[in-house]
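First up is the structure itself, then whatever we jot down about it.
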Amino acid sequence: MDEVKQLVIDIKNKNLKPIYLLMGEEAYYIDKISDYIEKTVLTEEERGFNQMVLYGRDVTVEDIVSNAKRYPMMAERQVVIVKEAQDLARTIDQLAAYAKNPQPTTVLVICYKYKKVDKRKAVYKEIKKSGVVFESKKLYENQVPDWISRVLSPKGYSITPKASQMLVEFLGTDLSKLSNELDKLQIVLPKDTQITPDHIEENIGISKDYNNFELRKAIGSKNTAQAFKIVHYFAENPKDNPMVLTVSLLFSFFSQLLHLHGMSDRNPRAVASALRVNPYFVNEYIEASRHYPMRKVSQVIATLREFDGKSKGVDSNAVPQGDLLKEMLVKIMY
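If you count the sequence shown from 1, position 211 lands on 211 in UniProt numbering, and the numbers rise without skipping.
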């Protein structure tokens, strides 16, 4: 986020470069930066003649260069934005010649989503020299709650660790989806609100008591009754709680427990760093490691592999998801 902030500050201060290559697996920041350039570099009056948005699937590199070499009309500069430029992956290196000697009155923005331009290619090296290369990397799951807090804080909101975890487990690490849900919460909740699991349940529809986060906690603490209640709820609501996701999250949890068993340093900070989890949840992992010795953790991982296959139709003979979940839970907890 610091790199993004500096980019925005430079653009705001008219410290503009002739080419911006925005690339990477996380589309959120690519969209944010390109949208900011689109809305702020030119005045509303200048945009009509001097701003063009192209799409990679509809143009060639020659088309992009032709537009970029135009001179602005009644303005200091023009802006050319190429969205979905990853569709030009096979020919993008042809842009190297232009990047070597870019038009100084053009701001060319290349939005190359979900992948990266090979850093060995000439186009990458030339843009690095004459412009800006920004790589938007996917966040690890343990980094997302901090990102949520940093997004909310300037807007006058805070969020509890459990509420953050609920969002991450329900929406994954897709920052665009998370941002959309946070926007909804800010519409309905007044400023200075601390967002809680109740707010998440009421406004987004994620149950605060019956979700994968609570199932993991119940299994880790050997709370058999609660674990079976949650699995029963999942069985009654299979569309909202796909077994494939549950198995995946439990597999991640027990893999982290296996890692924890191999650690000599059980200091909470060291554990949080090694397992890439929020420090708030470290005690939950340490408690689970007491209930599940290393040999049992290995058995559970084998069980989860087995039921991952069954959840996808392998050797399950069309057994309902709810029955598979209950069978899997018995094998894990006993």
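Ideal Cβ placement from N, Cα and C applies to all residues, glycine included. Keep in mind that this is a model prediction, so the values were computed, not measured.
Of the choices the options, whose alpha-carbon is the least far from that of residue i?
i, options, result
"I286", "F307, S264 and V300", "S264"
"S34", "A75, K100, D87 and V133", "V133"
"R266", "D146, V282 and F253", "V282"
"V123", "K138, L139, L275 and Q94", "Q94"
"N223", "L329, H199 and N101", "L329"
"L178", "T193, H291, A75 and W147", "W147"
"G322", "V188, P72 and D240", "D240"
"I219", "F253, G205, R150 and I19", "F253"
"K229", "Y112, R305, D183 and D209", "D209"
"E46", "G156, R77 and K326", "R77"
"residue 348", "I200, L42, R57 and D58", "Nothing can be reported for residue 348: it is not among the residues displayed for the chain, which extend from 1 to 334."
"L304", "E284, E327, P72 and S289", "E327"
"S289", "K312, Q256 and N278", "Q256"
"G24", "Q86, I37 and S66", "Q86"
"V82", "N101, M74, E62 and M73", "E62"
"Y36", "K5, V319 and Q103", "K5"
"A163", "E126, E214, K129 and K138", "E214"
"K128", "H291, H259, L22 and A68", "L22"
"residue 350", "A75, M243 and I332", "The chain is shown from 1 up to 334; residue 350 falls before or after that span and cannot be answered."
"K69", "E44, Y28, E126 and N101", "N101"
"I92", "K217, K125, F49 and M74", "K125"
What is the DSSP secondary structure of residue i, reduced to helix, strand or coil?
i, result
"T106", "strand"
"I81", "strand"
"S136", "coil"
"Y334", "coil"
"S207", "coil"
"S158", "strand"
"L42", "coil"
"M263", "coil"
"L189", "coil"
Rounded to whole angstroms, what is the Cα-Cα separation between residue i and residue j?
i, j, result
"M39", "Y55", "According to the sequence provided, residue 39 is Lys. The question's Met does not apply to it. Cα to Cα, the separation comes out at about 18 Å."
"H261", "A270", "13 Å"
"S153", "I195", "11 Å"
"K310", "L324", "8 Å"
"L88", "Y112", "9 Å"
"E84", "N203", "33 Å"
"D308", "I30", "34 Å"
"Y98", "D10", "23 Å"
"N13", "Y20", "16 Å"
"P18", "P190", "42 Å"
"T160", "P293", "31 Å"
"G156", "R276", "27 Å"
"V297", "Y334", "12 Å"
"residue 350", "K116", "Outside the displayed span of the chain (1 to 334) sits residue 350, for which this structure offers no information."
"S176", "L182", "10 Å"
"V300", "T173", "26 Å"
"I206", "V168", "11 Å"
"D192", "V8", "26 Å"
"E284", "R295", "19 Å"
"V151", "S158", "9 Å"
"L16", "S130", "11 Å"
"V236", "L171", "Residue identity differs from the one stated: residue 236 is Glu in this sequence, not Val. Their Cα atoms are separated by approximately 21 Å."
"V80", "A302", "53 Å"
"Y280", "Q165", "11 Å"
"P238", "Y114", "30 Å"
Starting from residue i, follow its DSSP beta bridges and name the residues at the other end.
i, result
"Q51", "V79"
"G24", "K113 and K115"
"S66", "BP columns for S66 are empty, so no partner."
"Q194", "S158"
"I200", "BP columns for I200 are empty, so no partner."
"I19", "L108"
At least one CB of chain D closer than 9 Å to the CB of residue i: is that the case?
i, result
"Q321", "In the structure shown, chain D does not exist; there is a single protein chain."
Original post:
Do the segment 133 to 145 and the segment 104 to 112 meet, that is, are 3 or more Cβ pairs less than 8 Å apart?
Top reply: No, they do not touch.
Subject >> Segment contact, 8 Å Cβ cut-off, at least three pairs: the segment 299 to 308 with the segment 235 to 250 >> reply: In the pairwise beta carbon analysis, the segment 299 to 308 is classified as touching the segment 235 to 250: at least three pairs are separated by under 8 Å.
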